[in-house]
Each structure stands twice: as C-alpha cells, then as structure tokens.
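Asker:
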C-alpha cells in the first residue's frame with residue numbers, strides 16, 4: 186500500500202484546526218458517551234474503538250479511534266456523533282474539503298496513467314471513502330493520507 190502526505194493542498198488551516206479541535210473534544214468525553222458508538226464490526230459506518238486489550242496484547246499501543254464514512258456525506262452525517270454539538274458541522278466541513286482534494290488527486294493519477302481525468306468521477310463522487318486523521322491518547326495527530 187502506498188501512502189504519502191500532501192502539503193500545500195488548499196484545505197484551509199481553520200477547517201483543519203476546527204476538525205482537530207472537535208475530534209479532541211470527542212475523545213475528551215466520558216468513556217460512557219464514547220462507548221455508545223463502540224463496535225468491533227469493521228463495516229459499521231460509524232464506530233469508536235480502542236486497540237488496548239490488556240488480556241491479550243503483549244505490546245501496548247493505546248489508541249482510541251473514531252472512524253466514520255463521509256461520502257456521500259448526506260448518507261452518513263446523521264450517523265455521526267451529536268456530542269460535541271459542533272462535531273457534524275466541523276467534521277462535515279473537513280470531509281467536504283478532503284473529498285475535493287481526493288477528487289483532484291485521483292484526476293492527476295488517472296491522467297498520469299493515460300486515462301481521462303474524469304474516468305472514475307462518478308464512482309469517487311458517490312462513495313469512495315478517504316482515510317483521514319487519527320488521534321492517539323498522547324495527542325499525536327497523523328495527517329490526512331488520501332489513498
């Protein structure tokens with residue numbers, strides 16, 4: 186799997202800061218609140234989880250995560266957390282910006298392969314999911330990795 190970081194991507198700093206701030210607010214909620222979204226099913230469109238399992242993990246990497254689908258946003262945003270109250274707005278703004286960037290990157294990749302830049306436009310617009318940020322307990326932030 187190829188992974189890379191895009192710099193000077195055009196996503197406004199304010200949108201990225203708002204997304205990081207509201208994600209931090211979510212992870213600061215009481216465990217009972219976060220556990221409402223807990224699932225071990227990787228296909229659940231919105232799920233909270235942790236990689237910490239003291240009963241079987243030999244090496245500990247304590248990571249809490251919240252993963253949710255965001256494209257098309259209208260199909261998933263109502264499933265996203267309602268607490269913090271600004272979560273849907275701020276993450277929605279971020280998701281829209283990331284999806285635009287994803288579309289642009291895919292156009293460049295397709296063109297480099299000799300295909301029409303819009304070859305997968307509809308497929309991407311209607312449902313490709315973009316992996317995004319992950320916040321770890323120690324507050325490390327892993328930047329957006331688009332493909």
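Numbering (my numbering), first residue to last: 186 to 332. All C-beta atoms, glycine included, are put in the ideal place defined by N, C-alpha and C.
May I ask you to report which of helix, strand or coil DSSP gives residue 234?
Answerer: It is a strand residue.
Asker: What are the start and end residues of the beta strand (DSSP E) that includes residue 250?
Answerer: Segment 249–253, the beta strand (DSSP E) holding residue 250.
Asker: At a cut of 8 Å, does the segment 296–310 reach the segment 223–236 through at least three beta carbon pairs?
Answerer: Cβ pair count under 8 Å is below three, so no.
Asker: How far does the alpha helix (DSSP H) with residue 196 in it extend, from its first residue to its last?
Answerer: Counting along the chain, residue 196 falls outside any alpha helix (DSSP H), and DSSP gives it neither H nor E.
Asker: Extract the residue ranges of the beta strand (DSSP E) inside the segment 251–304, only unbroken runs of 3 or more that lie entirely within it.
Answerer: Whole beta strand (DSSP E) segments, 3+ residues: zero.
Asker: If residue 256 sits next to residue 284, beta carbons under 8 Å apart, how far is it from one beta carbon to the other, in whole angstroms?
Answerer: That belief holds up - the Cβ atoms of residue 256 and residue 284 are roughly 6 Å apart, short of 8 Å.
Asker: Going by alpha carbons, who is nearest to residue 280 out of 254, 266, 235, 297?
Answerer: Checked all of 254, 266, 235, 297; the closest Cα to residue 280 is 254.
Asker: Shortest alpha-carbon distance to residue 271 belongs to which of 194, 297, 211?
Answerer: Here the closest residue by C-alpha is 211.
Asker: Take residue 204 and list the residues in its own chain whose beta-carbon comes closer than 8 Å to its own, dropping the five residues that flank it on each side.
Answerer: The residues are 275, 276, 278, 279, 318.
Asker: How far does the alpha helix (DSSP H) with residue 306 in it extend, from its first residue to its last?
Answerer: Start and end: 306–310.
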